[in-house]
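Chemist: The sequence shown: position 163 = 162 (numbering that gives the first Met the number 0), numbered continuously.
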Amino acid sequence: MGKIYIAGHRGMVGSAILRQLQARNNAGGALTLITRTHAELDLTDQAAVRDFMAAEAPDVVILAAARVGGIMANNTYPADFIYDNLMIECNVIHQAFAAGVKRLLQLGSSCIYPRNAPQPMAEDALLTGVLEPTNEPYAIAKIAGIKLCESYNRQYGVDYRSVMPTNLYGPGDNFHPQNSHVLPALIRRFHEAAQDDLDEVVIWGTGTPKREFLHVDDMAEASLFVLDLPKDIYAANTQPMLSHINVGTGRDVSIGALAQMVADVTGFKGNLVFDTSKPDGTMRKLMDVSRLTDMGWRARIDLKEGLQETYNWFLRQETIRS
Numbered sequence: 000m001g002k003i004y005i006a007g008h009r010g011m012v013g014s015a016i017l018r019q020l021q022a023r024n025n026a027g028g029a030l031t032l033i034t035r036t037h038a039e040l041d042l043t044d045q046a047a048v049r050d051f052m053a054a055e056a057p058d059v060v061i062l063a064a065a066r067v068g069g070i071m072a073n074n075t076y077p078a079d080f081i082y083d084n085l086m087i088e089c090n091v092i093h094q095a096f097a098a099g100v101k102r103l104l105q106l107g108s109s110c111i112y113p114r115n116a117p118q119p120m121a122e123d124a125l126l127t128g129v130l131e132p133t134n135e136p137y138a139i140a141k142i143a144g145i146k147l148c149e150s151y152n153r154q155y156g157v158d159y160r161s162v163m164p165t166n167l168y169g170p171g172d173n174f175h176p177q178n179s180h181v182l183p184a185l186i187r188r189f190h191e192a193a194q195d196d197l198d199e200v201v202i203w204g205t206g207t208p209k210r211e212f213l214h215v216d217d218m219a220e221a222s223l224f225v226l227d228l229p230k231d232i233y234a235a236n237t238q239p240m241l242s243h244i245n246v247g248t249g250r251d252v253s254i255g256a257l258a259q260m261v262a263d264v265t266g267f268k269g270n271l272v273f274d275t276s277k278p279d280g281t282m283r284k285l286m287d288v289s290r291l292t293d294m295g296w297r298a299r300i301d302l303k304e305g306l307q308e309t310y311n312w313f314l315r316q317e318t319i320r321s
């Protein structure tokens with residue numbers, strides 16, 4: 000693949016992709032891996048991205064950079080979420096094209112699908128209904144990224160691909176008590192409850208909604224699998240204007256069962272209390288991953304195993320901070 004630029008290499012997914020590409024080099028590969036921190040390159044700055052792409056002239060671009068957050072962050076900063084993500088996608092994809100990049104992989108999100116999409120959610124559910132209001136600005140930006148890739152493919156004959164992950168977790172996640180997603184938020188809450196020897200942890204809702212979780216190392220592996228696919232194989236399994244590929248495990252777990260797993264991993268011995276006065280949200284969000292499975296890739300990391308690894312990583316970071 001020659002020179003590869005990984006945009007967002009410090010994020011959870013970008014860092015996992017970088018680790019796997021570095022492992023390829025350690026195994027005898029000869030890839031030139033290009034990275035820039037946000038301080039070195041602001042991807043919302045069109046001129047800066049243009050100059051960077053022209054100077055580096057990568058052969059391949061992996062777009063893992065994005066402004067991300069949980070429900071609270073999406074509700075609090077909707078303008079930031081839609082603007083930053085649209086600008087990042089427009090600048091990176093267009094300036095990659097202008098610099099002669101023929102291959103690009105863009106990472107999206109399962110929130111692109113309508114809130115009431117049939118379960119499991121197949122790729123062709125895109126643009127068939129109303130989005131979840133709490134993260135609509137982010138979802139709109141991610142849909143635009145898919146359509147940018149498809150439009151440049153149609154008009155210019157490049158090979159720009161998109162992968163849509165389910166809920167991700169793992170090393171490098173954000174464990175902030177307000178701005179994190181459900182799984183890292185649960186890990187922090189149960190960890191602190193165990194440390195403080197609390198009698199109970201309260202979970203919003205009934206605990207019956209189901210969610211799917213994919214380890215970030217599996218996501219990185221799947222991303223490179225899709226990127227490596229021969230163009231004819233990719234084209235045979237997609238459509239020009241429906242070219243994105245879902246990435247997930249194809250299995251989901253109830254929030255109640257997930258909370259119990261996290262309690263077990265963190266050593267919390269108290270009771271789980273479900274506050275049924277609080278909303279459950281969408282009852283199920285499961286990805287249809289048959290398109291990717293048919294091409295030969297499946298997730299490998301078991302949820303319990305991945306949770307333990309993620310908690311161990313969290314504990315190491317807490318030790319470093321203290």
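For glycine and all other residues, C-beta sits at the position ideal for the given N, C-alpha and C. Note that the structure is predicted; figures quoted are calculated from it, not measured.
1. Mapping DSSP to helix, strand and coil, what is Tyr-112?
2. By Cβ distance below 7 Å, which residues in the same chain neighbour Trp-312 in space, the five residues on each side in sequence not counted?
3. Using the Cβ count rule (16 or more neighbours within 10 Å means buried), how would you classify Arg-315?
4. From the DSSP output, which residues share a beta bridge with Ala-6?
5. Based on the DSSP output, what are the partners of Asp-158 in its beta bridges?
6. Given that a residue counts as buried once 16 or more other Cβ atoms are within 10 Å of its Cβ, and exposed if not, what is Asp-198?
7. Entirely within the region 180-239 and at least 3 residues each: give me those beta strand (DSSP E) ranges in chain order.
8. Measure the alpha-carbon distance for Asn-90 versus Gly-156 and round it to whole angstroms.
9. So is Gln-94 buried or exposed if we call it buried at 16+ other beta carbons inside 10 Å?
10. In this structure, how does DSSP classify Thr-292 when only helix, strand and coil are distinguished?
11. What does the alpha-carbon distance come out to for the pair Arg-35 and Ala-219?
12. Output needed for Thr-237: all residues of its chain with C-beta closer than 6 Å, excluding positions within five of it in sequence on either side, in chain order.
13. Would you kindly check if the distance between the Cβ of Ala-221 and the Cβ of Leu-306 is under 8 Å?
14. Report the rounded CA-to-CA distance for Asp-44 versus Val-67, giving the unit in angstroms.
15. Round the Cβ separation of Leu-223 and Gln-19 to the nearest angstrom and send it over; I've been treating them as touching at under 8 Å.
16. Let me know if Pro-117 comes out buried or exposed under the rule of 16 or more other beta-carbons within 10 Å of its beta-carbon.
17. For the structure I just gave you, are there three or more beta carbon pairs, one from the region 227-244 and one from the region 205-218, closer than 8 Å?
18. Could you tell me whether the Cβ atoms of Lys-277 and Gly-204 are closer together than 8 Å?
19. Can you tell me which of the three DSSP states Asp-301 falls into?
Modeler: Working from what's here:
1. The answer is coil: DSSP assigns Tyr-112 none of H, G, I, E or B.
2. When the five nearest sequence neighbours on each side are left out, the beta carbons in the same chain lying within less than 7 Å of the beta carbon of Trp-312 are those of Pro-170, in order along the chain.
3. Classification for Arg-315: exposed.
4. Beta-bridge pairing links Ala-6 to Leu-62.
5. DSSP, once it has assigned bridges, lists Arg-102 as partnering Asp-158.
6. Label assigned to Asp-198: exposed.
7. Counting only runs of 3 or more residues that sit fully inside the region 180-239, the beta strand (DSSP E) segments are 199-203 and 212-214, in chain order.
8. Spanning the two alpha carbons is a distance of roughly 19 Å.
9. Per the 10 Å Cβ criterion, buried.
10. If DSSP states are grouped into helix, strand and coil, Thr-292 belongs with the helices.
11. Approximately 19 Å between the Cα atoms of the pair.
12. If we look at Thr-237 and ignore the five residues flanking it on each side, it has no Cβ neighbours.
13. No, Cβ-Cβ distance for Leu-306 and Ala-221 is not below 8 Å.
14. Their backbone Cα atoms lie some 18 Å apart in a straight line.
15. Yes, they are in contact, since the Cβ atoms of Leu-223 and Gln-19 sit about 6 Å apart, within 8 Å.
16. Around the beta-carbon of Pro-117, fewer than 16 other beta-carbon atoms lie within 10 Å, marking it exposed.
17. Fewer than three Cβ pairs drawn from the region 227-244 and the region 205-218 lie within less than 8 Å of each other, which leaves the two stretches out of contact.
18. Going by C-beta atoms, Lys-277 is nearer than 8 Å to Gly-204.
19. Three-state result, Asp-301: coil.
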